[in-house]
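Student: Numbering (this note's numbering), first residue to last: 22 to 636. Beta carbons are placed, not taken as given, at the ideal position from N, Cα and C, and that holds for glycine.
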Amino acid sequence: MVSRDDSFSTTMTTVIAARGQSSTHRALAIAELLDNIFAYLERHDAAHASQVSRGWVEIGREYVWREVHIWREVHTPCQLFNVLGPMVHRGPERCYNPLRYFPKPVSIGEDKLTRFLALSRRVRLLHSASSKQECSAPNYNFISHNRQFFIELGNMLAARNMKLFPRLTTLRWWDTETCISTWPWFGGTPLHEIDLIVPQTFHYKDKSIASDQEPRVFSLAHVAPTLRSISFQSPYRNNRPLAPLNLDDKWSNLFWNLKSLTHLHVPIYGLTSDTFSAASTCPNLVQIRFCAPTDLSELVRRRGDLAHFPQPVLAEGSFHALRCLELGAPLDVVNGIMHDPNFCASRIEEFGLRAVQAEKEFAVRALFSSLAQRAGSTVLSLQVQLAPPHEFKYPIYKHWEQTDEWEQPTSWEKGLAPGPSERLCAATFMPLHGSIRLTHLNIAHCHPVLLDDDELVELVRALPALRSLSLVPAPVTDYTPSLTLNVLGRLACVRPRMKVLRLYLDAHQGENVVLADPEGQFGSSLRSLWLIESPVAYKKEGQDTIAAYLVRLLPPGKGLDLDTVAAKGKTGDPVHLWDHVPPTCSFPIHRWHKVAKAMEELRAAGAETDASTRS
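(1) Tell me, which residues are paired with Asn-463 by DSSP?
(2) Given this structure, state the Cα-to-Cα distance separating Gly-510 from Asp-584, to the nearest angstrom.
(3) In its own chain, which residues sit with a C-beta less than 7 Å from the C-beta of Ala-619, not counting the 5 before and 5 after it?
(4) In this structure, how does DSSP classify Thr-247 when only helix, strand and coil are distinguished?
(5) With burial defined as no fewer than 16 other Cβ atoms inside 10 Å of the residue's Cβ, what is the status of Arg-518: buried or exposed?
(6) Determine the DSSP secondary structure at Ile-129, reduced to helix, strand or coil.
(7) Which two residues bound the contiguous alpha helix (DSSP H) that contains His-360?
(8) In chain order, what residues of the same chain have a beta carbon less than 6 Å from the beta carbon of Arg-395, not counting five sequence neighbours either side?
(9) If you drop the 5 nearest sequence neighbours on each side, which residues of the same chain put their C-beta closer than 7 Å to that of Leu-487?
(10) Got a sec? Which residues, its chain only, sit under 6 Å from Asn-357 by beta carbon, not counting five neighbours each side?
(11) By alpha-carbon positions, which one of Leu-477, Leu-346, His-96, Asp-475 ends up nearest to Phe-364?
(12) Quick one: Cα of Ser-391 to Cα of Thr-210, how far?
(13) Tell me where the beta strand (DSSP E) around Ser-390 begins and ends.
(14) Buried or exposed: where does His-329 fall if 16 or more other Cβ atoms within 10 Å of its Cβ makes it buried?
(15) How is Arg-548 classed by DSSP in three states: helix, strand or coil?
(16) If Arg-344 sits next to Glu-382, beta carbons under 8 Å apart, how far is it from one beta carbon to the other, in whole angstroms?
(17) Could you name the residues of the same chain whose beta carbon sits closer than 8 Å to that of Ala-537, not counting the 5 residues immediately before and after it, in chain order?
(18) If I measure Cβ to Cβ from Gly-397 and keep anything under 6 Å in the same chain, skipping five residues before and after, which residues do I get?
(19) Using only CA atoms, which one of Arg-93, Ala-139, Glu-94, Leu-178 lies nearest to Val-104?
(20) Using only alpha-carbon positions, find the residue among Ser-503, Leu-192, Ile-309, Gly-349 that is nearest to Phe-340.
(21) Is it right to say Gln-221 is buried, meaning 16 or more other beta carbons lie within 10 angstroms of its own, or is it exposed?
(22) Less than 8 Å separating the beta-carbons of Asp-527 and Thr-501?
(23) Excluding sequence positions up to five away, which residues of its chain have a Cβ less than 6 Å from the Cβ of Leu-335?
(24) In the DSSP output, what is Arg-458 paired with across the bridge?
(25) Is the beta carbon of Leu-522 less than 8 Å from the beta carbon of Ser-549?
(26) Quick one: is Pro-609 buried, meaning 16 or more other Cβ sit within 10 Å of its Cβ, or exposed?
(27) Decide if His-611 is buried, meaning its Cβ has at least 16 other Cβ atoms within 10 Å, or exposed.
(28) Along the chain, which unbroken stretches of the alpha helix (DSSP H) at least 4 residues long are found entirely within the segment 557 to 583?
(29) Using the Cβ count rule (16 or more neighbours within 10 Å means buried), how would you classify His-468?
(30) Compute the distance between the beta-carbons of Phe-186 and Leu-248, then report whether it is under 8 Å.
(31) Under a Cβ-count criterion, where at least 16 other Cβ atoms within 10 Å of its own Cβ denotes burial, should Glu-337 be classed as buried or exposed?
(32) Measuring only the C-alpha atoms, how far is Arg-638 from Gly-130?
(33) Along the chain, where does the alpha helix (DSSP H) that runs through Leu-512 open and close?
(34) What residues match up with Phe-253 in a beta bridge as DSSP calls it?
Here it is, written out as structure tokens:
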């Protein structure tokens, strides 16, 4: 029965023919045989075969790739292309770096090309470098200085009517200078996922095509028409901001030609009103997400473009398949989108909003009301960031040439930021009551949320499916929180299966007030309790009191989440949404570390007491 599979029988023929060949050919043939066996098994018994297949890939990485390059993932193309030509170092000797080696542009022999194609046909995932930080040197040297080499390679492939990576499905190309449409090896491959850097992708024109006016990104529809996922990443330490407003008229053609596109990830400053309208024509688009910018100052640079977001024009049946939407726009525009009869709001399951200008409390309440009316029965996750784009801890005129760009954006547009009277309150969240499927609620405002303990407990009770709650001001301010530490015990009683809890509360009370025993205890499902920006007792007695309270509140072995880095916390979620605001003061963090240490000491002492009792 197995012999009926064409790829299997072809590989068996290759294995038999390789018996008299070199060890490299034999290893490749065996690898192809195992790949096809596992592929066949997955089609008939996917549940059992997938684990075995993944195990084979790991074995290939660890034991075989060092010698003959037969694994499916390539993270440094320079090593792979070494098969075609000798590596030559062209950088300064004092800047020696193995990754800056690249093939010498010499004639490519037929025998070397044949051997190379046997290797490259196995590649499914190709990285230009192991990280974005490395992209500026190795790939620029590797590709940009070897045009003649790749022209010759392309001609040889065309003569053979072959592609260099015929099975490539995923491309992570973080080179900032190379034009993708000139690469001869990607066109016609089953490429489904691509990750490119912007804005260079937009700035440089593609001189290999006739019009010479199309930015290279728009050639994606011709290079890989079967793309299902596109991710445009912010460049590492970028100093050239993206100007998307000049490209809006080109987006419609790109989305129209990519019929299979399901996932679109863009920097927040790359999704304009016209781009949003053009994306609505994609019949299978399921997800529009933001890529976290690597250079947070870019959000401040482009805040003028972000605030310019006219009401998009949507055709009937727009976003027919959309389930996840993250959008950066004024709240009145978002409210208009929610009420647009051509927008399928009732299908949205994940909604993320990044405010791009100062917003009043009534505008936030109106948005929540619209969301509850149009998507309240389907939405699972709601993330809203209502805060300045970035809070700089140090003057950034040292890094920027324009000194007028580094003014503190704590008050947007020179004093138009919401004041303390515009703090979100219980009435703001009232429209969300009764959202029976809402599991994630993450709100960040430039001021602490004005909720007392009773109101927060009532909110959690009104959301029966809620498992992740984040009410953290960003940036953290000096306003006294309205929540107290006692609310944690009440929440544990109301929702013991909470998974993520991030709050800004007043923990000073441990010095002068005896904390009541928690009414409940969180279960083992709790992954993150994040309080480290909250004001906390500075005396050891108060810290010990808080530690004892938390030991009784948390499940055995679980401590505080002390992460301060924005990229990824222990739970895999950002501490703040899309961009992190550094803490304005390190004193609370230092004191919470002392509380965490006191918790460990209390648990260790309790374990010793239990051991002595049993003995």
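Tutor: Taking the geometry as given:
(1) Along the sequence shown, read from residue 1 onward, the residue named residue 463 stands at position 442. According to DSSP, Asn-463 bridges with Gln-404, Ser-491.
(2) Along the sequence shown, one-based indexing puts residue 510 at 489. Along the sequence shown, one-based indexing puts residue 584 at 563. The straight-line gap from Cα to Cα measures roughly 22 Å.
(3) Within the sequence shown, residue 619 is the residue found at index 598, counting from 1. The answer, listed in chain order, is Gln-564, Asp-565, Ala-568.
(4) Indexing the sequence shown from 1 puts residue 247 at position 226. Of the three classes helix, strand and coil, the one that applies to Thr-247 here is coil, per DSSP.
(5) Your numbering for residue 518 matches position 497 in the sequence shown. Answer is exposed; the Cβ neighbour count stays below 16.
(6) Taking the first residue of the sequence shown as position 1, residue 129 is located at position 108. Reduced to three states, the DSSP call for Ile-129 is coil.
(7) Residue 360 sits at position 339 when you count from the first residue of the sequence shown. 352 to 360 is the span of the alpha helix (DSSP H), which, as asked, contains His-360.
(8) Along the sequence shown, one-based indexing puts residue 395 at 374. So the list reads Met-359, Ala-366, once near-sequence residues are dropped.
(9) Walking along the sequence shown from the start, residue 487 turns up at place 466. Result list for Leu-487: Leu-459, Thr-460, Leu-462, Val-481, Arg-516, in chain order.
(10) The count along the sequence shown starts at 1 and reaches residue 357 at position 336. With the sequence shown as reference, residue 357 is identified as Gly, and Asn is not the correct amino acid for it. For Gly-357, where only same-chain residues beyond five positions count, the Cβ hits under 6 Å are Gln-332.
(11) By one-based count along the sequence shown, residue 364 stands at place 343. Nearest of Leu-477, Leu-346, His-96, Asp-475 to Phe-364, Cα basis: Leu-346.
(12) The count along the sequence shown starts at 1 and reaches residue 391 at position 370. The count along the sequence shown starts at 1 and reaches residue 210 at position 189. Taking the straight line joining both Cα atoms gives about 44 Å.
(13) Numbered from 1 along the sequence shown, position 369 holds the residue referred to as residue 390. Here Ser-390 belongs to no beta strand (DSSP E); instead the alpha helix (DSSP H) covers 382 to 396.
(14) Here residue 329 is taken as the residue at index 308 of the sequence shown, counted from 1. Burial call: exposed.
(15) Here residue 548 refers to the residue found at position 527 when the sequence shown is read from its first residue. Of the three classes helix, strand and coil, the one that applies to Arg-548 here is coil, per DSSP.
(16) Numbered from its first residue, the sequence shown carries residue 344 at position 323. Numbered from its first residue, the sequence shown carries residue 382 at position 361. Not quite, the Cβ-Cβ distance comes to about 29 Å (not below 8 Å), so this is no contact.
(17) Counted from its first residue, the sequence shown places residue 537 at position 516. For Ala-537, where only same-chain residues beyond five positions count, the Cβ hits under 8 Å are Asn-507, Gly-510.
(18) What you label residue 397 is simply residue 376 of the sequence shown in a count that begins at 1. These residues qualify, in order along the chain: Ser-456.
(19) As a working mapping, residue 104 is identified with position 83 in the sequence shown. That would be Ala-139, whose Cα lies nearest to the Cα of Val-104.
(20) Numbered from its first residue, the sequence shown carries residue 340 at position 319. The shortest Cα separation from Phe-340 among Ser-503, Leu-192, Ile-309, Gly-349 belongs to Ile-309.
(21) On the sequence shown, position 200 is the one that residue 221 refers to. In this prediction, Gln-221 scores a pLDDT of 44, lower than 50, which makes its location untrustworthy; no coordinate-derived value is stated.
(22) Along the sequence shown, read from residue 1 onward, the residue named residue 527 stands at position 506. Along the sequence shown, read from residue 1 onward, the residue named residue 501 stands at position 480. Yes, Cβ-Cβ distance for Asp-527 and Thr-501 is below 8 Å.
(23) What you label residue 335 is simply residue 314 of the sequence shown in a count that begins at 1. Here the set comprises Ser-301, Asp-361, Asn-363, Phe-364.
(24) The residue you call residue 458 lines up with position 437 of the sequence shown. Paired residues: none, contrary to the question.
(25) What you label residue 522 is simply residue 501 of the sequence shown in a count that begins at 1. What you label residue 549 is simply residue 528 of the sequence shown in a count that begins at 1. Yes. Within cutoff.
(26) The residue you call residue 609 lines up with position 588 of the sequence shown. It is buried - the Cβ of Pro-609 has at least 16 other Cβ atoms within 10 Å.
(27) Translated into the one-based positions of the sequence shown, residue 611 becomes position 590. So His-611 ends up on the exposed side.
(28) 561 to 574
(29) If you number the sequence shown from 1, residue 468 lands on position 447. Buried is the call here.
(30) In the sequence shown, the residue the question calls residue 186 occupies position 165. In the sequence shown, the residue the question calls residue 248 occupies position 227. Going by C-beta atoms, Phe-186 is not nearer than 8 Å to Leu-248.
(31) For the purposes of this step, residue 337 is taken as residue 316 along the sequence shown, with counting starting at 1. Burial call: exposed.
(32) Residue 638 lies beyond the stretch modelled for the chain, which goes from 22 to 636, so this question has no answer here.
(33) Along the sequence shown, one-based indexing puts residue 512 at 491. Per DSSP, Leu-512 belongs to the alpha helix (DSSP H) from 508 to 515.
(34) Working through the sequence shown from its first residue, we reach residue 253 at position 232. Leu-217, per the DSSP bridge assignment.
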